[in-house]
Amino acid sequence: MIELLARHSPGLPEWLTLCVVLYSIGLYGLLTRRNAIAMLMAVEIMLNAAALNFVVFDRFSTNQQADGQVMALFVIVMAAAEIVVGMAIVVALYRMRGTVDINQMNSMRG
Amino acid sequence: MISSAVYTVMFYGLSAAVILLAVLAVNLRQLLRAALALMGMLSLSAGLYVLLHAEFLAGVQVLVYIGGIVVLIVFAIMLTRSSELLEDHPRPLAQVLGALLSMFFLFVAALALRDTRFPVQVQTGPPVDDVRQIGLLLLDRGATGYLVPFELLSLLLLVAIIGGTVIARKVAPPKQPFTTGGDARGETITESARTQRDIVPGEGAP
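This is how it looks when you write it as structure tokens:
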């Protein structure tokens with residue numbers, strides 16, 4: 000049993016499959032959600048999958064430097080900045096319109 | 000051998016849990032529960048980082064994502080009363096289209112993954128000192144360093160702080176009848192007009 004498990008130790012394709020599945024789930028959420036906050040949550044899932052992808056390639060490359068981890072760090076910081084501005088916009092829209100349903104946000108006038 | 004078996008078990012267990020929680024996070028109708036699922040998914044991703052020997056990133060993930068982003072999302076859900084006002088029932092058409100599109104993306108990406116040979120695929124040991132390596136890379140001014148993106152990122156964070164504050168701060172209430180919309184003469188509004196305005200907002204004068 001242990002031998003079997005050790006022989007099927009996950010390599011690069013398995014990790015990349017995990018990342019792409021996570022990204023697709025985030026894409027599905029982004030396309031189907033109506034609530035603006037829920038859409039931002041789906042975007043967070045997609046960004047997390049992208050950061051994971053960078054770390055996977057960092058681990059499986061011959062380069063001993065940690066470039067992929069630095070990139071993942073950048074992705075995380077940008078996700079934080081994006082969510083701050085996104086949430087501010089959502090709260091401002093709610094104050095102006097009384098709803099966060101994106102189907103009702105179809106005009107640029109306040 | 001044992002460690003390799005443990006690695007396999009951990010990978011598949013964590014992957015299954017992460018995918019399940021991600022599906023819950025995009026499908027749950029009640030947004031607070033979805034935020035909780037998102038939090039679980041992000042913390043298990045930190046576990047995946049540990050599995051990849053990126054312990055520093057796992058710590059950053061917990062601090063920034065769970066301590067910052069999820070808390071912000073929960074605050075926004077409560078501030079906009081999303082859990083009461085909009086239970087988030089997607090239209091069936093949007094649901095079918097979204098499922099089709101994301102399945103199509105998954106299919107194409109899986110095909111590309113199957114047909115691609117990655118020449119750099121060598122199972123190496125972890126770098127000796129990850130945190131030291133990351134710090135040196137971030138402050139390296141050379142061609143392979145990341146000093147300029149690092150500084151730009153701090154500028155981005157500053158802009159995000161200022162932008163978020165400006166957008167989300169309280170704005171002046173919309174124009175009321177019986178005032179001139181906030182210019183100098185409208186400030187000196189008489190007491191009778193003020194009470195009149197409070198009694199019948201939005202009626203009477205244009």
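Heads up: the sequence lines are chains A and B, in that order.
The first sequence: position 60 = 59 (numbering that gives the first Met the number 0), numbered continuously.
The second sequence: position 21 = 20 (numbering that gives the first Met the number 0), numbered continuously.
We put the CB at the ideal spot given by N, CA and C, even for glycine.
So with CB distances below 7 angstroms, who are the chain B contacts of residue i?
i, result
"Met90 (chain A)", "For the sequence presented, residue 90 (chain A) should be read as Val rather than Met. Under the 7 angstroms cutoff, chain B gives Ala75, Leu78, Thr79 and Ala167."
"Arg58 (chain A)", "Leu51 and His52"
Using a threshold of 8 angstroms, state whether the C-beta atoms of residue i and residue j are closer than that.
i, j, result
"Ala24 (chain B)", "Ile44 (chain A)", "yes"
"Ala21 (chain B)", "Leu21 (chain A)", "yes"
"Phe104 (chain B)", "Leu11 (chain A)", "no"
"Leu112 (chain B)", "Leu51 (chain A)", "no"
"Leu3 (chain A)", "Val8 (chain B)", "no"
"Ile160 (chain B)", "Ala79 (chain A)", "no"
"Val63 (chain B)", "Leu31 (chain B)", "no"
"Val19 (chain A)", "Ala98 (chain B)", "no"
"Ile76 (chain B)", "Ala87 (chain A)", "no"
"Ala65 (chain A)", "Leu136 (chain B)", "yes"
"Arg58 (chain A)", "Leu51 (chain B)", "yes"
"Val90 (chain A)", "Thr79 (chain B)", "yes"
"Leu100 (chain B)", "Leu30 (chain A)", "yes"
Look at the alpha carbon of residue i and the alpha carbon of residue j, and state the distance between them as a whole number of angstroms.
i, j, result
"Ala4 (chain B)", "Ile1 (chain A)", "6 angstroms"
"Val54 (chain A)", "Gly67 (chain A)", "5 angstroms"
"Ile1 (chain B)", "Phe10 (chain B)", "14 angstroms"
"Ser60 (chain A)", "Ala57 (chain B)", "19 angstroms"
"Leu157 (chain B)", "His7 (chain A)", "46 angstroms"
"Arg184 (chain B)", "Leu92 (chain A)", "With a pLDDT of 48 at Arg184 (chain B), under the threshold of 50, the predicted position of this residue should be treated as unreliable, though the coordinate-derived value follows. Their Cα atoms are separated by approximately 30 angstroms."
"Ile65 (chain B)", "Lys169 (chain B)", "27 angstroms"
"Leu17 (chain A)", "Ala53 (chain B)", "17 angstroms"
Give the interface partners of residue i over in chain A, defined as CB-CB distance under 7 angstroms, in chain order.
i, result
"Ser3 (chain B)", "Ala5 and Ser8"
"Gln132 (chain B)", "Gln64 and Ala65"
"Val22 (chain B)", "Ile24"
"Gly141 (chain B)", "Per Cβ cutoff of 7 angstroms: no residues; Gly141 (chain B) is ~12 angstroms from chain A at best."
Would residue i pass as an interface residue toward chain C - the criterion being a Cβ-Cβ separation below 8 angstroms?
i, result
"Leu37 (chain B)", "Reference to chain C is not applicable here, since the protein chains of this structure are A and B."
By the criterion of Cβ-Cβ separation under 8 angstroms, what are the contact partners of residue i in chain A?
i, result
"Val59 (chain B)", "Leu72 and Ile75"
Listing by chain order, which chain A residues have their CB less than 9 angstroms from the CB of residue i?
i, result
"Asp114 (chain B)", "Ordered by position in chain A, no residue passes the 9 angstroms Cβ test against Asp114 (chain B), which lies about 11 angstroms from the chain."
Just the chain B side, please: which residues come within less than 8 angstroms of residue i by C-beta, in chain order?
i, result
"Val20 (chain A)", "Ile18 and Leu105"
Check the Cβ of residue i against every Cβ in chain B and list those closer than 9 angstroms, keeping chain order.
i, result
"Val42 (chain A)", "Those do not exist, as Val42 (chain A) stays about 11 angstroms from chain B at its closest Cβ, beyond 9 angstroms."
Check the C-beta distance from residue i over to residue j and give it rounded, since I have them as a contact under 8 angstroms.
i, j, result
"Ala34 (chain B)", "Met40 (chain A)", "7 angstroms"
Query - Cβ contact (3+ pairs, closer than 8 angstroms) linking the segment 31-49 of chain A and the segment 92-105 of chain A - result: yes
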